[in-house]
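Peer 1:
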Amino acid sequence: MELRQLRYFVAVAEELHFSKAAQRLYVSQPALSQQIALLENEIGVELFIRASRQHLRKVELSEAGQHFFLAAQKILQLSQQAIEQAREIGLHQQVLHVGVYKTALRERIVELLQVLNRDFPNVEVKLVEFPTPQSVQEAVLAEKIDLGLTLLPLHYAELNAKVINKGSLRIILSQQHPRALEASLSLESLRDERWVEITRSLHPVYDEIEQMCQLAGFSRMGKIVQEVSSLELLISLVEVGRGIAFISSAYDLSREPNIVVKELVHMDDSPFVSVAIESALVYLGKNGSPLVRAVVGGIGEGMLV
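For the sequence shown, the working numbering gives the first residue as 5, with consecutive numbering after it.
#1: Three or more C-beta pairs under 8 Å: does that hold for the region 223–233 against the region 136–148?
#2: I want to see whether chain C comes within less than 9 Å of Q215, judged by CB atoms only; does it?
#3: Can you give me the Cβ contacts of L20 inside the same chain, cut-off strictly under 6 Å, excluding the 5 residues immediately before and after it?
#4: Could you check what DSSP says for L131 in three-state terms: helix, strand or coil?
#5: Under 8 Å by Cβ, that's how I've got L51 and F13 pegged, so tell me the actual separation to the nearest angstrom.
#6: Assuming the contact rule is C-beta atoms closer than 8 Å, F276 and L173 should be a hit. Round their C-beta distance to whole Å, please.
#7: Give the DSSP bridge partners of R174, in chain order.
#8: If you measure between the beta carbons of A161 and T154, is that distance less than 9 Å?
#9: On the three-state DSSP scale, how would you describe F73?
#10: So what does DSSP say about P294, is it helix, strand or coil?
#11: The alpha helix (DSSP H) spanning E46 covers which residue range?
#12: Can you say whether R54 is buried or exposed, counting buried as having 16 or more other CB atoms within 10 angstroms of its CB?
#13: Quick check: the region 177–189 against the region 202–221, are at least 3 beta-carbon pairs closer than 8 Å?
#14: I175 and I281: beta carbons closer than 9 Å?
#15: In whole angstroms, what is the alpha-carbon distance linking E18 and Q70?
#16: Rounded C-beta distance between V242 and L177? I'm assuming under 8 Å.
#17: Can you tell me whether Q230 is helix, strand or coil according to DSSP?
#18: Since Y287 and V269 are thought to touch, with beta carbons under 8 Å apart, how far apart are those beta carbons, to the nearest angstrom?
#19: Quick check on the DSSP output: what are the complete beta strand (DSSP E) runs of length 3 or more inside the region 177–220, in order along the chain?
#20: By alpha-carbon positions, which one of P208, I87, D272 and A41 ends up nearest to A298?
#21: With respect to the beta strand (DSSP E) encompassing A280, which residues constitute its N-terminal and C-terminal limits?
#22: Just verifying my parser: in three-state terms, what is the DSSP assignment at I303?
#23: So what's L20 in DSSP terms, helix, strand or just coil?
#24: Could you check whether V140 and A156 sit closer than 9 Å to each other, using their CB atoms as the reference points?
#25: Whose CA, out of A284, G103, L235 and R28, lies closest to the CA of E158?
#26: In its own chain, which residues sit with a C-beta less than 7 Å from the C-beta of A26, not counting the 5 before and 5 after it?
#27: Contact defined as beta carbons within less than 8 Å: I believe M271 pairs with E197. What is the distance between those atoms, to the nearest angstrom?
#28: Just confirm the distance between the C-beta atoms of I113 and V104, as a whole number of angstroms; I'd bet it's less than 8 Å.
#29: DSSP on F124, reduced to helix/strand/coil?
#30: Within 10 Å of its beta-carbon, does Q311 have 16 or more other beta-carbons around it, so buried, or fewer, so exposed?
#31: In whole angstroms, give me the CA-to-CA distance for G289 and E128.
#32: For V167, list the residues DSSP reports as bridge partners.
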């Protein structure tokens with residue numbers, strides 16, 4: 005018997021309606037019915053009066069179901085209390101060391117801090133900056149920090165990750181650029197452009213981009229006119245027309261009036277998604293503190309947008 009089955013049973017017993025219970029649980033009705041049937045088979049009794057469901061189109065608890073309903077509610081309450089108590093004990097660790105990498109989006113760091121301040125107000129968060137996403141992973145592995153903001157892939161099997169945001173590549177160029185009015189840009193058409201780029205040692209997907217360009221029939225060797233160590237400087241150089249640049253779709257440039265952002269497409273106008281950029285929280289896969297587990301469990305994919 006699983007806690008999930010008890011939750012399903014209690015939802016049906018409270019709603020007395022399989023469809024409404026399924027909506028409440030965010031599962032399909034067939035899946036819900038299957039789990040209830042498995043529960044009844046395991047217990048060996050009918051929890052809902054089958055005749056009422058089949059002939060009268062109503063959901064009604066059997067006598068055994070009524071007693072089981074009360075017991076199931078108590079079990080679920082106790083399990084929730086156990087979770088909350090464990091979380092409270094974990095929160096006695098009042099300091100959380102969070103690693104970030106140098107070129108991480110400022111918005112992403114601010115959003116992470118806002119979520120932590122809102123959901124864990126009694127925890128002091130100390131940010132630790134590292135040069136690259138991989139060095140953040142190395143610091144988590146060495147237990148120098150509790151949690152890290154990084155980019156996938158993971159480089160160490162001992163680490164776990166929770167994806168919090170997904171992005172793809174876009175092209176940015178100056179508003180005065182001759183192609184600024186085009187709806188989208190194909191990678192193949194950019195072979196003669198000048199580029200501004202993040203320094204290779206700091207760039208999370210530098211090699212992937214170079215391979216992508218080579219598959220499109222050109223190399224940027226000799227055409228990268230400036231390498232920089234920050235996204236802010238990269239954007240400033242693009243703005244004054246020094247060159248164009250790749251940037252993640254996760255970056256909000258709506259407040260940059262002299263920059264235009266273009267979709268990157270194939271020659272047939274299909275979206276170019278060969279290089280994915282996935283932001284993730286990384287943590288030790290075993291022996292993680294209750295606080296880290298609570299933080300990771302409380303932050304879902306897409307929560308940081």
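The beta carbon of each residue, even a glycine, is placed where N, CA and C say it ideally should be.
Peer 2: According to the structure data:
#1: Between the region 223–233 and the region 136–148, the count of C-beta pairs closer than 8 Å stays below three; the two stretches do not touch.
#2: Chain labels in this structure do not include chain C; a single protein chain is all it has.
#3: Taking the sequence shown and counting its residues from 1, one reaches residue 20 at position 16. Within the same chain, L20 has close Cβ partners V63.
#4: Residue numbering aside, residue 131 sits at position 127 when the sequence shown is read from its first letter. In the structure shown, L131 adopts extended strand secondary structure according to DSSP, grouped into three states.
#5: Here residue 51 refers to the residue found at position 47 of the sequence shown. Here residue 13 refers to the residue found at position 9 of the sequence shown. Yes, L51 and F13 are in contact; Cβ-Cβ is about 7 Å, under 8 Å.
#6: Your numbering for residue 276 matches position 272 in the sequence shown. Your numbering for residue 173 matches position 169 in the sequence shown. Indeed they touch by this definition, with Cβ atoms about 7 Å apart.
#7: Within the sequence shown, residue 174 is the residue found at index 170, counting from 1. DSSP lists I251 and E267 as the bridge partner or partners of R174.
#8: To locate residue 161, count along the sequence shown from 1; it is residue 157. To locate residue 154, count along the sequence shown from 1; it is residue 150. The Cβ atoms of A161 and T154 do not sit closer than 9 Å to each other.
#9: Taking the first residue of the sequence shown as 1, we reach residue 73 at position 69. The DSSP-derived three-state label of F73 is helix.
#10: Here residue 294 refers to the residue found at position 290 of the sequence shown. Reduced to three states, the DSSP call for P294 is helix.
#11: Mapped onto the sequence shown, residue 46 falls at position 42. Counting along the chain, the unbroken alpha helix (DSSP H) around E46 starts and ends at Q33 to I47.
#12: Within the sequence shown, numbered from 1, the residue matching residue 54 stands at position 50. So R54 counts as exposed.
#13: No, the region 202–221 is not in contact with the region 177–189.
#14: As a first step, residue 175 must be located in the sequence shown, where it is residue number 171. As a first step, residue 281 must be located in the sequence shown, where it is residue number 277. No, these two residues do not count as a Cβ contact at 9 Å.
#15: For the purposes of this step, residue 18 is taken as residue 14 along the sequence shown, with counting starting at 1. For the purposes of this step, residue 70 is taken as residue 66 along the sequence shown, with counting starting at 1. For the pair E18 and Q70, the Cα-to-Cα distance works out to about 11 Å.
#16: Taking the sequence shown and counting its residues from 1, the one referred to as residue 242 is at position 238. Taking the sequence shown and counting its residues from 1, the one referred to as residue 177 is at position 173. Rounded to the nearest angstrom, the Cβ distance from V242 to L177 is 6 Å, consistent with a contact under 8 Å.
#17: As a first step, residue 230 must be located in the sequence shown, where it is residue number 226. In the structure shown, Q230 sits in a strand (DSSP, three-state: E or B).
#18: In the sequence shown, residue 287 corresponds to position 283, counting from 1. In the sequence shown, residue 269 corresponds to position 265, counting from 1. Contact between Y287 and V269 is absent: CB atoms are separated by about 37 Å, not below the 8 Å threshold.
#19: Runs of the beta strand (DSSP E) inside the region 177–220: 188–190 and 199–202.
#20: To locate residue 298, count along the sequence shown from 1; it is residue 294. Residue I87 is the option with its Cα nearest to A298.
#21: Here residue 280 corresponds to residue number 276 of the sequence shown, with the count starting at 1. Boundaries of the beta strand (DSSP E) around A280: A280 to L288.
#22: Taking the sequence shown and counting its residues from 1, the one referred to as residue 303 is at position 299. DSSP places I303 in the coil class of the three-state scheme, outside both helix and strand.
#23: Here residue 20 refers to the residue found at position 16 of the sequence shown. Looking at L20 - three-state DSSP - the assignment turns out to be coil, as it is neither helix nor strand.
#24: Position 152 of the sequence shown, counted from the start, is the residue given in the question as residue 156. Position 136 of the sequence shown, counted from the start, is the residue given in the question as residue 140. Looking at the sequence itself, residue 156 is Leu, so the reference to Ala does not match. No, they are not a contact pair.
#25: For the purposes of this step, residue 158 is taken as residue 154 along the sequence shown, with counting starting at 1. Note that residue 158 is Leu in the sequence shown, not Glu. For L158, the closest alpha carbon among the candidates A284, G103, L235 and R28 is that of A284.
#26: Translated into positions along the sequence shown, residue 26 becomes position 22. For A26, where only same-chain residues beyond five positions count, the Cβ hits under 7 Å are S32, Q33 and L36.
#27: If you number the sequence shown from 1, residue 271 lands on position 267. If you number the sequence shown from 1, residue 197 lands on position 193. The Cβ separation is near 16 Å, so there is no contact.
#28: Within the sequence shown, numbered from 1, the residue matching residue 113 stands at position 109. Within the sequence shown, numbered from 1, the residue matching residue 104 stands at position 100. Contact holds; Cβ gap of about 6 Å.
#29: The count along the sequence shown starts at 1 and reaches residue 124 at position 120. Looking at F124 - three-state DSSP - the assignment turns out to be coil, as it is neither helix nor strand.
#30: Because the chain here runs from 5 to 309, residue 311 falls outside it and cannot be looked at.
#31: As a position in the sequence shown, residue 289 is number 285, starting the count at 1. As a position in the sequence shown, residue 128 is number 124, starting the count at 1. Roughly 23 Å separates the two Cα atoms.
#32: The residue given as residue 167 occupies position 163 in the sequence shown. DSSP lists A284 as partners of V167.
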